[in-house]
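Numbering (our numbering), first residue to last: 1 to 439.
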């Protein structure tokens with residue numbers, strides 16, 4: 001949009017909400033009187049069964065207030081919206097909703113909403129007043145095109161709040177994990193941004209003050225050649241920026257992590273999920289427990305900060321397989337472990353199909369309110385007790401219900417100049433909780 005003849009105003013609702021309950025954003029909309037208003041819905045909830053929190057009531061209230069403030073057409077988008085396009089469009093009574101990537105189609109959507117074109121719902125966009133057709137449920141195409149520009153004020157806000165910036169090098173996910181929504185949102189075909197565009201983007205972030213970048217690719221090392229090419233160019237350009245990413249625990253050797261470290265890598269977040277062979281298969285993972293052990297060792301040999309995310313209770317999970325996972329994960333004494341219990345059910349995933357087949361959800365049942373899959377072969381309460389008991393006293397295991405207490409302490413570290421995700425400090429949480437007098 002910014003490259004067309006349209007004038008675009010971007011508002012960070014997070015910063016504006018902090019500044020006064022959304023009133024500043026609403027006043028700005030009223031002042032500008034735009035022809036079309038867009039709202040991005042990034043997340044619908046925190047996908048955590050132990051401490052569930054939905055964000056939709058606040059989102060829906062904000063949309064209602066926008067509609068009361070101005071009569072301009074309203075279009076929705078974002079990954080959260082794209083998972084529930086028909087339902088959220090119906091609830092909010094928005095005029096249109098973009099499904100998946102919107103860079104290539106948003107001008108056409110605005111044309112339809114302002115009368116220059118005829119609205120027609122497709123796999124990429126739904127219009128409230130145009131009937132959906134049979135292609136609406138298809139996975140939308142996701143051509144990256146050019147990297148989107150950043151608003152400098154919004155960039156600075158997030159840099160100040162989080163101590164890091166975000167970037168992207170590719171879209172799409174070729175893997176078939178049973179619970180994952182990335183293939184639904186971005187397609188299964190990996191499409192990389194041109195390396196020189198990625199470099200230019202990172203240089204711009206560095207000029208803006210970013211010292212750390214987290215790559216938001218679904219799986220950064222989905223293509224080994226892609227990440228090694230990026231690393232080589234980062235080194236050639238002398239890019240002075242630290243970074244981290246989500247990795248699959250497979251496909252990279254010790255020397256590969258060494259190259260990535262020389263290119264600025266400091267944090268490796270592995271989507272491990274399970275360390276039992278049976279559940280690796282039932283989760284449709286693309287790797288084995290042996291692959292995970294090798295990947296952790298390869299990263300640790302390069303003295304990188306490593307984190308493993310585990311999901312207990314998925315399809316095929318039993319108390320025995322969960323015990324296998326914990327026993328193997330206890331070997332990762334220098335890695336942070338973040339365990340979750342149960343899997344958030346999203347439409348269009350294999351987990352949703354299994355949940356319906358097993359009678360956990362009804363055909364066509366709304367999944368906007370969080371619903372979780374837990375294997376019938378593992379009682380949730382007993383499973384949680386076992387995992388907590390087996391890991392008691394292990395400071396590198398961080399359960400989701402500890403996050404709220406930790407957040408303010410980690411923010412204190414940010415105030416002292418620490419950058420990056422900071423989860424590498426959580427094993428020392430008992431120390432810095434005592435230092436500030438917290439229990």
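Here a beta-carbon is modelled for each residue, glycine too, at the ideal position from N, C-alpha and C.
Cα-Cα separation, residue i to residue j
{"i": "residue 328", "j": "residue 29", "result": "54 Å"}
{"i": "residue 7", "j": "residue 120", "result": "24 Å"}
{"i": "residue 128", "j": "residue 363", "result": "24 Å"}
{"i": "residue 142", "j": "residue 88", "result": "Confidence at residue 142 is low in this model, with a pLDDT of 49, below 50, so its placement is unreliable and the value that follows should be read with caution. Going from the Cα of residue 142 to the Cα of residue 88 covers about 21 Å."}
{"i": "residue 200", "j": "residue 166", "result": "14 Å"}
{"i": "residue 416", "j": "residue 198", "result": "30 Å"}
{"i": "residue 138", "j": "residue 104", "result": "Low confidence applies to residue 138: its pLDDT is 48, below 50, so where it sits in the model is not reliable enough to give any reading."}
{"i": "residue 291", "j": "residue 271", "result": "12 Å"}
{"i": "residue 67", "j": "residue 61", "result": "10 Å"}
{"i": "residue 47", "j": "residue 344", "result": "6 Å"}
{"i": "residue 422", "j": "residue 71", "result": "44 Å"}
{"i": "residue 134", "j": "residue 179", "result": "For residue 134, the pLDDT reaches just 47, beneath the cut-off of 50, and the residue's location in the model is therefore unreliable, although a value from the coordinates is still provided. Residue 134 and residue 179: Cα-Cα distance of roughly 24 Å."}
{"i": "residue 437", "j": "residue 350", "result": "Confidence in residue 437 is poor, its pLDDT being 45 and thus under 50, which makes the residue's placement unreliable; the coordinate value appears in the next sentence. Straight-line Cα distance between these residues: approximately 46 Å."}
{"i": "residue 32", "j": "residue 114", "result": "17 Å"}
{"i": "residue 122", "j": "residue 130", "result": "10 Å"}
{"i": "residue 160", "j": "residue 209", "result": "10 Å"}
{"i": "residue 9", "j": "residue 79", "result": "21 Å"}
{"i": "residue 406", "j": "residue 426", "result": "8 Å"}
Beta-carbon proximity check, residue i vs residue j, cutoff 7 Å
{"i": "residue 97", "j": "residue 76", "result": "yes"}
{"i": "residue 221", "j": "residue 251", "result": "yes"}
{"i": "residue 217", "j": "residue 169", "result": "yes"}
{"i": "residue 264", "j": "residue 234", "result": "yes"}
{"i": "residue 219", "j": "residue 192", "result": "no"}
{"i": "residue 241", "j": "residue 213", "result": "yes"}
{"i": "residue 257", "j": "residue 298", "result": "yes"}
{"i": "residue 315", "j": "residue 282", "result": "yes"}
{"i": "residue 395", "j": "residue 325", "result": "no"}
{"i": "residue 369", "j": "residue 311", "result": "no"}
{"i": "residue 308", "j": "residue 335", "result": "yes"}
{"i": "residue 346", "j": "residue 49", "result": "no"}
{"i": "residue 378", "j": "residue 319", "result": "yes"}
Of the listed residues the options, nearest to residue i (C-alpha basis)
{"i": "residue 35", "options": "50, 48, 74, 55", "result": "74"}
{"i": "residue 82", "options": "342, 183, 326", "result": "183"}
{"i": "residue 205", "options": "224, 228, 171, 243", "result": "243"}
{"i": "residue 147", "options": "202, 245, 296, 118", "result": "202"}
{"i": "residue 278", "options": "227, 85, 323", "result": "323"}
{"i": "residue 341", "options": "55, 276, 399", "result": "399"}
{"i": "residue 174", "options": "113, 160, 189", "result": "189"}
Continuous alpha helix (DSSP H) stretch holding residue i: start and end
{"i": "residue 153", "result": "152-162"}
{"i": "residue 240", "result": "Residue 240 -> no alpha helix (DSSP H), and no H or E assigned at all."}
{"i": "residue 195", "result": "195-207"}
{"i": "residue 404", "result": "403-415"}
{"i": "residue 387", "result": "380-390"}
{"i": "residue 109", "result": "106-113"}
{"i": "residue 326", "result": "319-329"}
Practice item. Tell me the start and end of each unbroken beta strand (DSSP E) in the segment 240-311 that is at least 3 residues and wholly inside, in chain order. Key: 242-247, 265-273
Exercise for review: Could you pull out every unbroken beta strand (DSSP E) segment of at least 3 residues lying fully inside the segment 25-95, listed in chain order?
Suggested key: 37-40, 74-77
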